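To keep things clear, I will list the structure first and then write my remarks on it.
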Amino acid sequence: MRKVIFGINITMDGCCGHEDMIADDELHAYYTDLLRSVDVILFGRKTYQLMESYWPVVAKNQSETKAVNEFAQTIDSLPKIVFSKTLSRVDWKNTKLSRTNIEEEIPKLKQQPGKNIFIDGLSIASHLTRLGLIDEYRIAIHPVVAGKGPRLVETTDLKERLHLQLVESQTFRSGVVTLCYKKHLRS
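Under the working numbering, the letters of the sequence shown match residues 3 to 189, in that order.
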């Protein structure tokens, strides 16, 4: 069965705004490898609009470093589903708009053959965390205290505590530390 993976960058104080992150080649290579393990990305409206305004241009123009260009090509080529009740259309290639509830779509997607499923965006990740539908959390902690911005779990109202098991970690030259947690199945 396919896994649902959520990946996010956060600061030391738990903020997730993109402007405070260390977006170097090493981190882009990490996310490129992660995206190569999936065959669909699920977005909410806000994250889709943020990503769609930048990455297709970089993929086309190859205007950044080799690692950033590779990331752009990888994310641009993957199928994407945007869950939104307000968007009227999506323009990024390989992207479809879904008006269904994501919690109904996830079990169907997990049963299909293929690689893993990637979640990108705080609102849908918070919603899926509350429902217990995320199998793996990939968190990149940046050595920055932002003091402002959206928080990782501020919109999540958990019914019960979520127990996670650390299965992998990596430290980058920039001081960014990536942690991979899987849902811990309690016996």
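By construction, the Cβ of each residue, glycine as well, lies at the ideal position given by its N, Cα and C atoms.
In this text, all values refer to a predicted model and were calculated from it rather than measured experimentally.
Original post:
For P145, which residues from the same chain have a beta carbon less than 6 Å from its beta carbon, with the 5 sequence-adjacent residues on both sides left out?
Top reply: G177
Original post:
Residue range of the alpha helix (DSSP H) that V60 falls in?
Top reply: 57 to 63
Original post:
Which residues in the same chain as K184 place their Cβ atom closer than 6 Å to its Cβ, once the five residues preceding and following it in sequence are excluded?
Top reply: E138, Q167, V169
Subject >> Per DSSP, cross-strand counterpart(s) of C182 >> reply: As DSSP reads the structure, C182 sits in a beta bridge with R140, E170.
Original post:
How about the stretch 51 to 62 and the stretch 127 to 136: do they share at least three Cβ pairs that are nearer than 8 Å?
Top reply: Not touching, per the Cβ criterion.
**OP:** Just list the beta strand (DSSP E) runs in the stretch 16 to 71, keeping only unbroken ones of 3 residues or longer that don't cross its boundaries, in chain order.
**Re:** 40 to 46
**OP:** From the DSSP output, read off the bridge partner residues of V146.
**Re:** DSSP, once it has assigned bridges, lists no residue as partnering V146.
Subject >> Pair within 9 Å by beta-carbon distance, T49 and L164 >> reply: Cβ atoms of T49 and L164: not closer than 9 Å.
Subject >> Closest by C-alpha distance to K82, when choosing among E66, S65, L111, E72 >> reply: L111
**OP:** State whether the stretch 24 to 44 contacts the stretch 77 to 91, with contact taken as three or more CB pairs (one from each stretch) at a distance under 8 Å.
**Re:** Contact holds between the stretch 24 to 44 and the stretch 77 to 91, because three or more Cβ pairs, one in each stretch, are under 8 Å apart.
Subject >> Cβ-based burial, M23 [other Cβ within 10 Å; buried from 16] >> reply: buried
Original post:
What separation, rounded to the nearest whole angstrom, lies between the Cα atoms of G9 and C18?
Top reply: 11 Å
Original post:
Among K5, I121, E21, which has the Cα closest to the Cα of R47?
Top reply: I121
Original post:
alpha helix (DSSP H) containing S176: first to last residue?
Top reply: No alpha helix (DSSP H) contains S176, which DSSP labels as neither H nor E.
Subject >> Three-way DSSP call (helix, strand, coil) for L130 in this model >> reply: helix
Original post:
From Y33, S65, Q51, pick the residue whose C-alpha is nearest to that of L99; which is it?
Top reply: Q51
Original post:
Relative to the C-alpha of A25, which residue among T67, K95, E54, M3 is closest?
Top reply: T67
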